[in-house]
């Protein structure tokens, strides 16, 4: 027992608590100095300045164990940052990460955390014992000696002076503390998240007076049905329609009058940004105007359509909800359901049947599916899967085969859903069109970077390449031959879905509005591709090639013909 007591007493000394606390606080700074593409001087600033501050703070009281608990917000951010680095391999905690804490529903978060837990053992092992030992040391252990405290403060002062001198050089070369210095950049991102949350909360007031002034141009005598299906986390490379070896789209591949655009990219890898851009005239170039704009559903209502919004996602007080609730009828089918509810997208079909049974002359239906969102194997009935095994959902690279099997089964389920919708619409004999795209794609441990999921501050190719499908009924094709010709002509053109979906869908339905730009519609002979842009974490439109850090992404885009106007 004596050696054990000696080990315990050594582990609980105030000096040990100090060094443990300093280590966990400074770990993100050291890691970010390695992962972020900054000049050497900026990287050194990112280590020296924070390290001097952490050391000084830990000596404010002579019991650093207690001090560390007073600094718990910094410890929490440190742990959060390390989890992010584990997931994505780079970047500080983004504004969108904090917004996701508000907009992600508990069930979704629970599924994610349960399966990420095995991969976060390092973070748990490092931070939990440190906090426990600090608590014991702070309340039961001794105090730092005056000599130790003096040495630490003197060293911290010298280190701080060195850091400030380096910062002077770095500032002259583009270094900005609010962007590049952890944790100041994280605090700035928290501030921006709060500002955006407050602006979002006042959306109903700021957008109240907006009007599209939309009018119809198609004959009133024709019954028209337009269906917009927004997928979730579906990436184009996994669709057989785009050359994937597995037959994940057997039903869609057999359909006539289906147009699959093979060069479509999203401008965001987050749902709470990408879906509002699909539903509105807002894109990366003017995203902050979203607080004063309305959605496609309002435009169709102004033009005399009966509009319906059906969602297989829970409401979360975001723009997606606000836009959906602009319909004549709207429903979130998961709302109020027990945790045992399976939540398959097929549950939307009976509701679509009810809408079509009303036989209104002009109908718009918008469906927001749950698609391929993680945890993949829960998105389809097991007996409807085709690719096995698919049971292991732990977020580990060694489980990639099973994760991909499950993901491919979700694409197969989407194929069935879209085919069922097209069959139902076609049976009405109406002039009809369906458009399907996904909000963003997904990483599934695809290469040496071992990236998983989506919403990383710096996107990958796999998060951006999305399917874009347009189907026309025979009657519509007969009435609008110019649209058919335009779709065929533009089939292999570059398309930013965040720009084009709103304008394409409004153009398909014959809506005329100052807010509808036919040059952004792939159904128009005047369609003009736009330069690839990405909506970054601070809502700036950034050229895509400036956002992509890895040559792996640019090489794939180049091989697939996306970089048509590369500079």
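Numbering (the working numbering), first residue to last: 37 to 603.
Even for Gly, the Cβ is constructed at its ideal location relative to N, Cα and C.
Just so it is clear, the structure is predicted and the values come from calculations on it, not from any experiment.
DSSP beta-bridge partners of residue i
i           : result
residue 267 : 474
residue 479 : 489
residue 469 : 262, 508
residue 401 : 263, 344
residue 300 : 531
residue 365 : 344
residue 251 : 548
residue 577 : 571
residue 295 : 506
residue 501 : 301
Cutoff 7 Å; reference residue i; Cβ partners in own chain excluding five residues on either side
i           : result
residue 37  : Because the pLDDT of residue 37 is 47, which lies under 50, any placement of that residue in the model is unreliable, and the question is left without a value.
residue 43  : Low per-residue confidence applies at residue 43: pLDDT is 47, beneath 50, and the placement is therefore not dependable, though the value from the model is reported in the following sentence. So no residue of the chain qualifies.
residue 40  : Residue placement at residue 40 is poorly supported in this model, since its pLDDT is 42, which falls under 50; the coordinates still yield a value, given next. Result list for residue 40: empty, nothing under 7 Å.
residue 345 : 333, 360, 363, 366, 402
residue 242 : 327, 328
residue 536 : 556, 557, 558
residue 379 : 348, 370, 406
residue 385 : 456
residue 339 : 250, 251, 252, 547
Beta-carbon proximity list for residue i, same chain, < 8 Å, skipping 5 on both sides
i           : result
residue 561 : 518, 521, 522, 525
residue 215 : 221, 224
residue 609 : As shown, the chain starts at 37 and ends at 603. That puts residue 609 outside it, with no answer to give.
residue 447 : 270, 274, 275, 284, 285, 408
residue 200 : 85
residue 89  : 192, 196
CA-to-CA distance, residue j to residue i, given in whole angstroms
i           : j           : result
residue 671 : residue 303 : Residue coverage of the chain in this structure runs from 37 to 603, which leaves residue 671 outside it and unanswerable.
residue 455 : residue 286 : 10 Å
residue 92  : residue 581 : 41 Å
residue 400 : residue 262 : 5 Å
residue 468 : residue 461 : 7 Å
residue 349 : residue 104 : 40 Å
residue 308 : residue 425 : 32 Å
residue 324 : residue 593 : 28 Å
residue 389 : residue 156 : 45 Å
residue 252 : residue 158 : 59 Å
residue 166 : residue 56  : 6 Å
residue 297 : residue 551 : 24 Å
residue 312 : residue 181 : 58 Å
residue 351 : residue 284 : 30 Å
residue 626 : residue 249 : Only positions 37 to 603 of the chain appear in this structure, which leaves residue 626 out of reach.
residue 124 : residue 254 : 48 Å
residue 269 : residue 108 : 35 Å
residue 162 : residue 114 : 11 Å
residue 69  : residue 80  : 7 Å
residue 295 : residue 506 : 5 Å
residue 583 : residue 321 : 15 Å
residue 354 : residue 236 : 7 Å
residue 195 : residue 84  : 6 Å
residue 335 : residue 238 : 21 Å
residue 188 : residue 52  : 14 Å
residue 372 : residue 470 : 29 Å
residue 272 : residue 443 : 12 Å
residue 226 : residue 305 : 20 Å
Whole-Å CB distance - residue i paired with residue j, under 8 Å assumed
i           : j           : result
residue 264 : residue 54  : So it is not a contact: roughly 58 Å between Cβ atoms.
residue 310 : residue 475 : 4 Å
residue 48  : residue 173 : 5 Å
residue 100 : residue 62  : In fact, because the Cβ distance is near 14 Å, the residues do not count as touching under 8 Å.
residue 482 : residue 498 : 6 Å
residue 538 : residue 489 : Not confirmed; about 27 Å, so no contact.
residue 573 : residue 164 : Not a contact, Cβ separation roughly 29 Å.
residue 415 : residue 429 : 11 Å between Cβ atoms; not a contact.
Cβ neighbour criterion (16 or more within 10 Å) applied to residue i
i           : result
residue 168 : exposed
residue 36  : Here the chain comprises residues numbered 37 to 603, so residue 36 is not present and cannot be evaluated.
residue 437 : exposed
residue 451 : buried
residue 244 : exposed
residue 635 : As shown, the chain starts at 37 and ends at 603. That puts residue 635 outside it, with no answer to give.
residue 595 : exposed
residue 211 : buried
Contact set for residue i: own chain, Cβ-Cβ below 6 Å, skip 5 residues either direction
i           : result
residue 331 : 315, 316, 359, 362
residue 128 : 218, 221, 222
residue 397 : 259
residue 121 : 67
residue 565 : 529, 530
residue 300 : 502, 504, 531, 533
residue 117 : 64, 129
residue 487 : 479, 496
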